[in-house]
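J.: Okay, handing you the structure first.
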């Protein structure tokens, strides 16, 4: 038999006593068909005074030794497990667990089942990787949901009339009849503060996300959440065990291992490269690896279109941009990052047409090396009023109050970026845009050990974190990537196709269910400014277009 290794997968589940539970479960899974319809599995059983349904879908990227279908049912241990993700150290865990349990497959999902039965909830800190996992413990009649340390894999849930629903994507939950309505509070916070909200927030009413590094228990009557991962504790352990020089060596070694893990189980991997430091480090490490023959380089970031001789460039015209924006009405679940998201999604789609199903991104490294933060990075702490916003929207905007890192301003901002703001947001948008394009995005620089090493390594003796990474690129200068000047593509797209689409979008927004959030006259002034090539606020326009994308039909 063969083991199916997935480059993209999804999980859904629900707890209710409805007669059509199986139909609801199938309807939810159909909404995830873009995450892989090649392998689909269902499991339904009684649960307390109700019933529980779990389902999994995936797209196969490689085949190894043994076959296991998810949800995985371990009759001996009385466990049912569904998982989206990769466990990097499953081989080591399997070796440790084989003295206590008999394995029937070589799959990572079976290792998760055995690890849970062996160590209970304490199995989670032992996992190295990215994952969203659902475990039903039939002995305890307990459902457990958990996410990886930094939330690379998504997991959303909703409670509706006492019934529990959960999924890898927000819009899947609406297939159950859950009311689809954007959240005034979250959008007000985004419009006026530029914040993406607390770790459990989404931009939809009645929908929550399980925070990164958290687990949730459900016993059929009540939910309880618990934080299982503490970055602060991991950093304290590293600082107590190693000297600064040792930390630097460990960091350099972990950088290479992280990239190798992203390449080792695929026949080809795309690198999305640009002139920024994270792309340069990723590019250098990948080309120095034994698996460099697998690499296909693409460019198309805002600061590098057409400037990279080592990469295949993509060109996003106004017509292409409109096509991607129209697609976003079907997959966007929160604000997107303007032209940058449009270009990235177009790049993912181009990579898929080239036969590349896994793309490796350097995203995350920039949040690890920064020693000094530009004041503009503190925008989520400042109110950004505008006459476009109505009093209704202004009154509901709430300034975020995040728990910070017990260090200087730079470390506080790095921690905020990783746990709350930009990185979690980009991970969620990447997950949805990549799934829509038919590729999987891997983030090698968001491994738990690598992040902890970054925080443990102080900027001493003139060696900052950035200098460490720049030094690595300098050692491999023949792999260096040409830097370009960052610019916005939106002014270049103000042609007929884009002008017409933006005009229609803002007109729909002016008569939509959220029209009371705006001064409609100002909304039409923004529309006119864009259409007749007058000066306009680019950020403000993208915020409005992001909101419009949430109102699209399925």
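Numbering (the numbering used here), first residue to last: 70 to 623.
Yeah, the Cβ is synthetic: ideal placement off N, Cα and C, and Gly gets one too.
Looking at the strands, I want to know which residues DSSP matches up with residue 119.
T.: For residue 119, which the question treats as bridged, DSSP gives the partners 116.
J.: Measuring CB to CB, does residue 199 end up less than 7 Å from residue 154?
T.: A contact, by the Cβ cut-off of 7 Å.
J.: Can you tell me which residues form a DSSP beta bridge with residue 214?
T.: According to DSSP, residue 214 bridges with 203 and 285.
J.: Could you check whether residue 197 and residue 158 sit closer than 7 Å to each other, using their CB atoms as the reference points?
T.: Contact flag set, yes.
J.: Count the other CB atoms, across all protein chains shown, that sit within 10 Å of the CB of residue 298; report buried if there are 16 or more and exposed otherwise.
T.: Its Cβ being crowded by 16 or more others within 10 Å, residue 298 is buried.
J.: Going by DSSP in three states, residue 278 sits in which element: helix, strand or coil?
T.: Here residue 278 sits in strand by DSSP.
J.: Indicate whether residue 600 and residue 568 have their beta-carbon atoms separated by less than 7 Å.
T.: Contact flag set, yes.
J.: Three-state secondary structure (DSSP) at residue 125?
T.: Of the three classes helix, strand and coil, the one that applies to residue 125 here is strand, per DSSP.
J.: Can you tell which of 145, 610, 513 and 175 has the C-alpha that lies nearest to the C-alpha of residue 458?
T.: Selected option, being the one with the closest Cα: 610.
J.: Taking buried to mean at least 16 other C-beta atoms within 10 Å of its own C-beta, is residue 361 buried or exposed?
T.: The residue in question, residue 361, is exposed, as its Cβ has fewer than 16 Cβ neighbours within 10 Å.
J.: What are the residues that DSSP puts in a beta bridge with residue 228?
T.: Its beta-bridge partners are 233.
J.: Rank 319, 279, 364 and 312 by C-alpha distance to the C-alpha of residue 497 and give the top, closest one.
T.: For residue 497, the nearest C-alpha among the options comes from 279.
J.: Over the uninterrupted beta strand (DSSP E) stretch that includes residue 511, give me the two end residues.
T.: Start and end: 509-511.
J.: Can you check whether the CB of residue 617 is closer than 7 Å to the CB of residue 574?
T.: Yes.
J.: Leaving out five residues on either side along the sequence, give the residues of the same chain with a beta carbon under 6 Å from the beta carbon of residue 562.
T.: Excluding residues within five positions, the ones whose Cβ falls inside 6 Å are 387 and 390.
J.: Between which two residues does the beta strand (DSSP E) holding residue 701 run?
T.: Past the edges of the chain, shown from 70 to 623, lies residue 701, and the structure says nothing about it.
J.: Would you mind giving the Cβ-Cβ distance between residue 121 and residue 212, rounded to the nearest angstrom? I have them listed as a contact below 8 Å.
T.: Indeed, because the Cβ distance is near 7 Å, the residues count as touching under 8 Å.
J.: Going residue by residue through the segment 167-198, where are the continuous beta strand (DSSP E) segments of at least 3 residues, counting only ones entirely within it?
T.: Listed in chain order, there is nothing to give.
J.: Using DSSP with H/G/I as helix, E/B as strand and the rest coil, what is residue 141?
T.: The answer is strand: DSSP assigns residue 141 an E or B state.
J.: Does DSSP classify residue 371 as helix, strand or coil?
T.: Caution is warranted here: a pLDDT of 44 is assigned to residue 371, below 50, making its placement in the model unreliable, and no coordinate value can be reported.
J.: Name the one or two DSSP bridge partners that residue 78 has.
T.: Its beta-bridge partners are 127.
J.: Just grab the DSSP bridge partners of residue 481 for me.
T.: Partner(s): none; residue 481 has no beta bridge.
J.: For residue 240, which option in 522, 100, 410 and 581 has the closest C-alpha, if you only look at C-alpha atoms?
T.: Ranking 522, 100, 410 and 581 by Cα distance to residue 240 puts 100 first.
J.: Going by DSSP, what residue range makes up the alpha helix (DSSP H) through residue 516?
T.: Note, residue 516: premise wrong, no alpha helix (DSSP H); not H, not E.
J.: Under the three-state reduction of DSSP, which class applies to residue 551: helix, strand or coil?
T.: In this prediction, residue 551 scores a pLDDT of 49, lower than 50, which makes its location untrustworthy; no coordinate-derived value is stated.
J.: Look up residue 153 in the DSSP assignment and give the residues it is bridged to.
T.: The partner list for residue 153 (beta bridge, DSSP) reads 201.
J.: Give the range of the beta strand (DSSP E) segment to which residue 427 is assigned.
T.: Per DSSP, residue 427 belongs to the beta strand (DSSP E) from 427-429.
J.: Please report the straight-line C-alpha distance between residue 330 and residue 513, rounded to a whole angstrom.
T.: If I take the Cα positions, the gap works out to 8 Å.
J.: Under three-state DSSP, which class holds residue 471?
T.: Correct three-state label for residue 471: coil.
J.: Can you tell me whether residue 500 is buried or exposed, with buried defined as 16 or more other CB within 10 angstroms of its CB?
T.: Label assigned to residue 500: buried.
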